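Peer 1: Those letters in the sequence shown? Residues 10 to 1213, per this note's numbering, in order.
For each residue, glycine too, the CB sits at the ideal point set by N, CA and C.
Here the structure is a predicted model, which means the values were calculated and not measured.
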Amino acid sequence: MFVIPRSPRLRSESDRASSLRRATASVAATALVAAGLVTFGAGGAFAASAPHVATPASDLQDGRYIVTLADEAAVTYQGGVSGLPATEARPGTQLDARSAPVSEYTDYLEGQQEDVAASVGADIDYSYSLTVNGFSADLTAEQASALTSDRKVLSVEPDRIYHPTSTPAADFLGLTGPDGVWAKTGGQEDAGEGAVIGVIDTGIAPENPSFAGEPLGTAAGDEPYRDGSTIRFDKGDGTQFTGVCQTGEQFTADDCSTKIVGARYFVDGFGKANIGNASTGEYVSPRDGDGHGSHTASTAAGEAGVEATIDGNPLGEISGVAPASKIAAYKVCWSGPDGSVQTDDGCAGADLVAAIEQATEDGVDVINYSIGGGSAETTFSATDAAFLGAASAGIFVSASAGNSGPGASTLDNASPWITTVGASTVAGNFEATAKLGDGQQFAGSSITVTEPVSGAFVTAASVAVAGAVTPALCGPGVLDPAKTAGKIVLCERGTFDRVAKSAEVERAGGIGMVLVNPTPNSIDADTHSVPTVHLDADVYAAVSAYAATPGATVTLVPDNTTGVSAPTPQVAGFSSRGPVLADGSDILKPDVTAPGVSIIAATNNAEGGEPTFALLSGTSMAAPHVAGLALLYLGEKPKATPAEIKSALMTTAYDTVDADGAKVTDPFTQGAGHVDPRRYLDPGLLYLNDRSDWGAYLVALGYATGVDPVDPSELNLASIAIGTLTGSETVTREVTSTGPGTYTASVQGLAGVRADVSPSTLEFTEAGQTKSFEVAFTRTTATVDEYATGSLTWTSADHVVRSPVAVNPVSIAAPAEVQGTGIDGSVDVTVTPGTTGPIALTAEGLARGVVIPDPKDASSPYTGSGPAKAKATYTVTVPEGQLATRIDLDSADDAADLDLTVTHVADGRTTTYTSATASADESVTIETPDPGAYVVTVDVFSIPAGATTAAYTVTHFDLSTTTDEGAFTVSPNPIDAVQSRPATYTASWSDLEPETAYLGRVAYSGSASTTYVRVESGAIPAPAATAPPVITGTPVAGQTLTASPGTWDQEGLKYSYQWFADGKALPGQTRATYKVSPSVAGKAITVVVTAKPTEGPTGTATSEPVVIKLASTITVSVKPAVLTSAQKAVVTVKVDSAAKAAPTGTVTVKVGADSFEVTLDASGTGRVELPAYAKGRYAVTATYAGDTANAAKTSAPKYLYVSR
């Protein structure tokens, strides 16, 4: 399959099968910059809260971006824009992309897109409006940043480059023969009739007989025909496909036919400047320059009865699964200029989304997507979002699982609306036998042993040149011709292309090769340079031991002469496995397996060249088998939805087998099992879901609003997965009948977990009835932190409907990693216990990270730098007894695209760890590593426009029980756990070395779960005020104010001061005191205190403001001042200040114990007539309350004398 890590290279499964890796120059949906609105069907809009943010807006760089807007795409638009009716595709129907409402609405969207682009001065490259609403464009960092704050924008994603991934299988699938599926569905010539497959890949070779068709006419009818430059085909579902035969290099309009009804290419994202030319086998046209696209297209829908030959060897007749279906090719993957490598090959994300959009608009029924790579980091990447739109439009999507097996959690294309396919073997597919001189004989794969070949049998190590490194791998130049000539050489699989090994044997004069897998993997019938038999790991020890025996001989003979056939179908060793770690592990993948080992199909040729065929292995080859079965299903049931087809494939699948022929029931290996075309057209019950269900699923992941979320485990799939079972959990499913019947539930497997189904019987009287049931899962004796797997089966008199189940009972659900900062600091960690009782915590570390120095410049702050396509290697030594080793790669420019590989060789075995995500930074963590030397390889896949090199830092951590820097502790410890109730503890550290990275880990008693704690100490922190400075004194002109420095978080600080008036520094006022000048009257005075430590940066703190007022004067007169008790006096007050305007406000006049409020007039004067007083002397004072400009003031007393 095309792999997704980032370098765009056409790559084989493991070491040479077909694999097209998605070269991610930028976009990972994990790099959503701005959250916004994603909309789906009935229920309205879902706003993404961006749980997968990897590139904050402040880190944006110049480059190409995919900008998604908030308005609904046409396929999910339900109305709401004035004058524009709803355009959504109704369940069971396809979007009519050429209808007037769709045309009007997409015009509206394109206008909105143009407005958004114009708002930042950008030019649109691709415009998307059917499956997603958005556009791609070259943006500066400033433009991208501006768009993230635009309310019309959902997300701004850097574009990335992607890469492709890679019997008659028809016999093995039961399609052929008088009782085969083809015969029961109208015959081979009608299989898949009325349906169109869109193949998003490397293009197509139109001359190959697998794609033979009649020239296109111009008259409408049952066959495709031309209407001007448009190719039209009236499909079986009543809608019309409209394609275009895009011309280009070595591709004309006549290369389309009644078989190839559309051919387009998309190169703007990848860039014409980055591809090869005809001399290197690449063409700026739909013509296939690699062979991968032709292979997948012919596997799914190639013509029947095609004679296939390889190197002149006839290999029999081949046929696509749905030979009557039509093919539309969408070329998105490109070979680079250097034909000797695959590192410059790939497919740009912008081109992929454009192709998905175009295929949806054209009206395909099925899309084959043999592209992906690595372990899925999200179930909602940019391409996942586009496929959501395609599936919402009624298009079935078959995608390869990946070629990174047999390790766990290596699968890609994990979205629930995609059917993800693993690869399996096919019985008796191109075999030969190695007969050893001691009588042992072993059958394996071969197409190059056409007659017996006998000779001395030697190990590669025994005939290698002196000083050869890992000679058993038969790498270029390792064999000594003097020792090898005339011999048959035993070579081990790994590191080098399989066919490169036989080329080395031929170079050294060998006459044959036995290729053996050191570990279980596929056995492949490649086109070798010398006669070769490929054997699997189960015979590795026996063959290796014999070949090392002096005088050993071997004869390679055609066919399997052992009398023992390898059990089939076996899941290929390279086939990527689950569980899916992304988004909570609540989606079970793969969905199914299908033939994907040594599949013969069409490949590429130049214009006028001889058609070619190839045997390829990979999940790339498995996916088109499932795509072909979807076409076959649609040929019988043209209105079927993607979910119906997926459910039928899954619930009728059967178990694969292992090398001993025992059944394999592991759903992470086989999904629901191997597809069974003999049963899938009559499944009995269907698990249906559509865009509203998928939207609710996304809401649960954090893409919010508009509909109620559904727990991902509750999504109505034909499988059940619970990623964290903390206690008990109940899930609900609905099934829809395809006919009458009474079904009884049974549960298989799930050791240590009780599964109660209610109701346990379902009765249907006719097709189309829907009933729901619940399954309650409760852990009893199951081992925690290990998946319990099994199946749920509904059985009737005529049908067996089986669903795979996987639940993971956990003692504690804990985050895999948390981040912290600071020389002294802490981070809170929230966990969910799966048991009740104390859970002890063990703090491991911290371990200081060591930056690998630049070997060319020890003074450089970086480990190295290089131009695009450059590679550099470094060696680190891991001591014995480490808990974990981590290698972090940090790019100085987040717009660069780097990959990280760590390799360890021990006992002749090479172990490789790779991190090639969509981010510029990569990381590899190896738990309980073997001691010794590890080779770290940094691959500079791409650099941003305008840059010449990319600098990077490589940091190495060794975490052991003796690494304990920073007084790393956790509290509380133990956790007082209550089952299913979240609990929080704090991880703390202190006194770390500045500007240094540290790694720690927290282990949980009774659980295999751990939480890594990654700490960046950062610079020495500036002092920080824990209480701000305080100004004391009277804030009046002429008075003196005093500042206290406040309190700070460090000792031994020296303080300096700066006084400010209304935010402007007062010149020369740099002491702790300030005599207030009248010029600042009415202004806010603050003081900024600077705290300087003996080492490190300074800190500052600002006081609360005080407002300065002018001093007031107040005079009081009493007239008459002497009087009798029969008389009344008048008190007059006058308030003055330096202000231009007279003071305003009120004055309180106090006479003895009495108070009188006086309001000042415009001159600052106020009067009050006193009442009559009894004989005595009375003190008279006046107190001014002050106003905004003048300070309060109390007068000196005057006296009132009452004589009698």
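Quick check on P888: buried or exposed, where buried means 16 or more other Cβ atoms within 10 Å of its Cβ?
Peer 2: Taking the sequence shown and counting its residues from 1, one reaches residue 888 at position 879. P888 is exposed by the Cβ-count criterion.
Peer 1: Would you kindly report the start and end of the unbroken beta strand (DSSP E) that includes A992?
Peer 2: Here residue 992 refers to the residue found at position 983 when the sequence shown is read from its first residue. A992 to W998 is the extent of the beta strand (DSSP E) around A992.
Peer 1: Return the residue from the list V793, S1134, L397 and G195 that minimises the CA-CA distance to P818.
Peer 2: Looking up residue 818 in the sequence shown gives position 809. Checking every option, the nearest Cα to that of P818 belongs to V793.
Peer 1: Classify G1195 as helix, strand or coil using the three-state DSSP reduction.
Peer 2: Taking the sequence shown and counting its residues from 1, the one referred to as residue 1195 is at position 1186. Residue state, collapsed to three classes: coil.
Peer 1: Considering just the uninterrupted stretch of the alpha helix (DSSP H) at P676, what are its terminal residues?
Peer 2: Counting from one through the sequence shown, the residue named residue 676 turns up at place 667. Counting along the chain, the alpha helix (DSSP H) containing P676 begins and ends at P676 to Q679.
Peer 1: Would you check if the distance between the CB atom of L544 and the CB atom of V525 is smaller than 8 Å?
Peer 2: One-based indexing of the sequence shown puts residue 544 at position 535. One-based indexing of the sequence shown puts residue 525 at position 516. Yes, Cβ-Cβ distance for L544 and V525 is below 8 Å.
Peer 1: In terms of alpha-carbon separation, which member of D547, E1025, A1147 and C500 lies closest to Q828?
Peer 2: As a working note, residue 828 is residue 819 in the sequence shown. Among D547, E1025, A1147 and C500, the Cα nearest to that of Q828 belongs to E1025.
Peer 1: Rounded C-beta distance between G414 and A391? I'm assuming under 8 Å.
Peer 2: Indexing the sequence shown from 1 puts residue 414 at position 405. Indexing the sequence shown from 1 puts residue 391 at position 382. In fact, because the Cβ distance is near 25 Å, the residues do not count as touching under 8 Å.
Peer 1: How would you write the range of the alpha helix (DSSP H) that S553 sits in, first residue to last?
Peer 2: Reading the sequence shown from its first residue, position 544 is the one you call residue 553. Where S553 is concerned, the enclosing alpha helix (DSSP H) stretches over Y549 to A556.
Peer 1: Given this structure, state the Cα-to-Cα distance separating A852 from S1065, to the nearest angstrom.
Peer 2: Counted from its first residue, the sequence shown places residue 852 at position 843. Counted from its first residue, the sequence shown places residue 1065 at position 1056. Going by the C-alpha atoms only, they are around 42 Å apart.
Peer 1: Distance check for A153 and V601, CA to CA, integer angstroms please.
Peer 2: Within the sequence shown, the letter at position 592 stands for residue 601. Within the sequence shown, the letter at position 144 stands for residue 153. C-alpha separation (whole angstroms): 40 Å.
Peer 1: So is R9 buried or exposed if we call it buried at 16+ other beta carbons inside 10 Å?
Peer 2: Since the first residue of the chain shown is 10 and the last is 1213, residue 9 is not available in this structure.
Peer 1: Find out if the Cβ-Cβ distance for the pair S294, E258 is shorter than 8 Å.
Peer 2: On the sequence shown, position 285 is the one that residue 294 refers to. On the sequence shown, position 249 is the one that residue 258 refers to. In this structure, E258 lies closer than 8 Å to S294 by Cβ.
Peer 1: Take the Cβ of Q679 as the centre, count every other Cβ of all protein chains shown within 10 Å, and call the residue buried at 16 or more, exposed below.
Peer 2: Translated into positions along the sequence shown, residue 679 becomes position 670. It counts as buried.
Peer 1: Kindly indicate the opening and closing residues of the alpha helix (DSSP H) around W703.
Peer 2: Position 694 of the sequence shown, counting from 1, holds the residue named residue 703. Segment R700 to A709, the alpha helix (DSSP H) holding W703.
Peer 1: Suppose you measure from the CA of L1119 to the CA of A1200; what does that come to, to the nearest Å?
Peer 2: Along the sequence shown, read from residue 1 onward, the residue named residue 1119 stands at position 1110. Along the sequence shown, read from residue 1 onward, the residue named residue 1200 stands at position 1191. Cα to Cα, L1119 sits roughly 6 Å from A1200.
Peer 1: Determine the extent of the alpha helix (DSSP H) in which S303 is found, giving its start and end residues.
Peer 2: Here residue 303 refers to the residue found at position 294 of the sequence shown. Its alpha helix (DSSP H) spans residues H301 to A310.
Peer 1: Would you say V373 and G222 are within 8 Å of each other, going by their C-beta atoms?
Peer 2: Here residue 373 refers to the residue found at position 364 of the sequence shown. Here residue 222 refers to the residue found at position 213 of the sequence shown. No, Cβ-Cβ distance for V373 and G222 is not below 8 Å.
Peer 1: Could you tell me the boundaries of the beta strand (DSSP E) in which V1068 lies?
Peer 2: As a position in the sequence shown, residue 1068 is number 1059, starting the count at 1. Residue 1068 is actually Trp in this sequence, not Val. Here the beta strand (DSSP E) through W1068 covers K1063 to A1070.
Peer 1: Less than 8 Å between C-beta atoms, sequence neighbours within five positions excluded: which residues of the same chain meet that for Y1208?
Peer 2: As a position in the sequence shown, residue 1208 is number 1199, starting the count at 1. Within the same chain, Y1208 has close Cβ partners V1127, A1130, R1186, Y1187, A1188 and V1189.
Peer 1: What is the rounded straight-line gap between the Cα of T261 and the Cα of G247?
Peer 2: On the sequence shown, position 252 is the one that residue 261 refers to. On the sequence shown, position 238 is the one that residue 247 refers to. Rounded to the nearest angstrom, the two C-alpha atoms are 29 Å apart.
Peer 1: Near K1214, what residues of its chain come up, given a Cβ to Cβ distance below 8 Å and the 5 sequence neighbours on each side ignored?
Peer 2: One cannot answer for residue 1214 here, as it falls past the ends of the chain, which runs 10 to 1213.
Peer 1: Starting from T921, follow its DSSP beta bridges and name the residues at the other end.
Peer 2: By 1-based counting over the sequence shown, the position of residue 921 is 912. T912, per the DSSP bridge assignment.
Peer 1: Quick check on the DSSP output: the beta strand (DSSP E) that includes A803 runs from which residue to which?
Peer 2: Looking up residue 803 in the sequence shown gives position 794. For the sequence presented, residue 803 should be read as Trp rather than Ala. Residues A797 to T804.
Peer 1: Can you check which of these residues, S418, N725, T1095 and T442, is closest to E1113 by C-alpha distance?
Peer 2: For the purposes of this step, residue 1113 is identified with residue 1104 of the sequence shown, where counting begins at 1. It is T1095.
Peer 1: Would P540 and V406 qualify as a contact pair, given that the criterion is a beta-carbon distance under 8 Å?
Peer 2: Indexing the sequence shown from 1 puts residue 540 at position 531. Indexing the sequence shown from 1 puts residue 406 at position 397. No, Cβ-Cβ distance for P540 and V406 is not below 8 Å.
Peer 1: Around the C-beta of I240, are 16 or more other C-beta atoms found within 10 angstroms, so that it is buried, or is it exposed?
Peer 2: The residue given as residue 240 occupies position 231 in the sequence shown. I240 is buried by the Cβ-count criterion.
Peer 1: How many angstroms separate the CA atom of A954 from the CA atom of Y922?
Peer 2: Sequence index remark: in the sequence shown, residue 954 carries index 945 (1-based). Sequence index remark: in the sequence shown, residue 922 carries index 913 (1-based). Cα-Cα distance, rounded: 29 Å.
Peer 1: Please give the ranges of any beta strand (DSSP E) in the stretch 606-683, keeping only runs that are unbroken, at least 3 residues long and fully inside the region.
Peer 2: Entirely contained in the stretch 606-683, the beta strand (DSSP E) runs reaching 3 residues are, in chain order, 608-611 and 622-625.
Peer 1: Grab me the residues of K1084's own chain with a C-beta within less than 6 Å of its C-beta, minus the 5 sequence neighbours each way, in chain order.
Peer 2: The sequence position of residue 1084 within the sequence shown is 1075, counting from 1. Contacts found: T1049.
Peer 1: Under a three-way DSSP split, which group does F439 fall into?
Peer 2: As a first step, residue 439 must be located in the sequence shown, where it is residue number 430. Residue state, collapsed to three classes: coil.
Peer 1: With a threshold of 16 other CB atoms inside 10 Å of the CB of W322, please say whether the residue is buried or exposed.
Peer 2: Counting from one through the sequence shown, the residue named residue 322 turns up at place 313. Rather than Trp, the amino acid found at residue 322 in this sequence is Asn. N322 should be labelled exposed.
Peer 1: Can you give me the Cβ contacts of S1212 inside the same chain, cut-off strictly under 6 Å, excluding the 5 residues immediately before and after it?
Peer 2: Translated into the one-based positions of the sequence shown, residue 1212 becomes position 1203. So the qualifying residues of the chain are T1133.
Peer 1: What whole-angstrom Cβ distance do Q7 and S433 have, given they're in contact under 8 Å?
Peer 2: The question about residue 7 has no answer, for the chain in this structure spans 10 to 1213.
Peer 1: May I ask you to report which of helix, strand or coil DSSP gives A98?
Peer 2: Working through the sequence shown from its first residue, we reach residue 98 at position 89. A98 falls in the coil class under three-state DSSP.
Peer 1: Q757 by DSSP, collapsed to three states: which one?
Peer 2: Within the sequence shown, numbered from 1, the residue matching residue 757 stands at position 748. Reduced to three states, the DSSP call for Q757 is strand.
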